[in-house]
Amino acid sequence: MANLQMTGILEKMTGKDKDYRYMATSDLLNELNKEGFKADSDLEIKLSDIILQQLDDVAGDVSGLAVKCLAPLVKKVGESRVVEMTNKLCEKLLNSKDQHRDIASIALKTIIAEISTPSLAQSVLVSLSPQLIRGVTGGGLARKSNVNVLTFYVMFFTSSEILWQLTMRYF
832 MANLQMTGIL EKMTGKDKDY RYMATSDLLN ELNKEGFKAD SDLEIKLSDI ILQQLDDVAG
892 DVSGLAVKCL APLVKKVGES RVVEMTNKLC EKLLNSKDQH RDIASIALKT IIAEISTPSL
952 AQSVLVSLSP QLIRGVTGGG LARKSNVNVL TFYVMFFTSS EILWQLTMRY F
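Structure, rendered in structure tokens:
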């Protein structure tokens, strides 16, 4: 896709009209699902920032579509960007209002479910484990969401081939 066309989609995604935001997010989802989609480092930053921003959109259908964009996005961006996105979502999970915490929980689970390489799994494990454990042991209003994500996180990594590969790498 031409960079100019992508710029147009990204601009509409941040507009005031919720219908335009929805249509632009839908267009982005279609582009992300195309096999030939490639993003340079600047576009990766813009995409991840705007999609994470849309998770807090007042229009629930826009934020729901933004969650759907995360799965293909994880496959199209570099490891450091994925780790950065999971850290930002974990921060929302630990420190946001209930409605933002719920969508952050869903988004974080979506990203974790798309992790397919041992190196990315290790990076995410190293980054998120202390934060999620602190969120669970710290109490507060976010505890239920933190327990929910931590449970999913542990179940995903312990039942996946990724854990086996990580174990074999270090033992």
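Counting the sequence shown from 1 gives a position; the numbering used here is that position plus 831. For glycine and all other residues, C-beta sits at the position ideal for the given N, C-alpha and C.
Helix or strand or just coil, what does DSSP make of residue i?
{"i": "S950", "result": "helix"}
{"i": "G966", "result": "helix"}
{"i": "K923", "result": "helix"}
{"i": "K940", "result": "helix"}
{"i": "Y1001", "result": "Low local confidence applies: a pLDDT of 47 at Y1001 is under 50, so the model's placement there is unreliable, and no value is given."}
Jot down the residue ranges of each uninterrupted alpha helix (DSSP H) in the stretch 835–920, minimum 4 residues, whole runs only, in chain order. 849–863, 872–885, 891–907
Below 8 Å, how does it come out for the stretch 911–926 and the stretch 937–946: are there three or more Cβ pairs, yes or no? yes
Across the stretch 868–876 and the stretch 887–895, are there enough close Cβ pairs to call them in contact, namely three or more that are closer than 8 Å? no
Does the structure place the stretch 903–910 close enough to the stretch 920–928 that three or more beta carbon pairs sit under 8 Å? no
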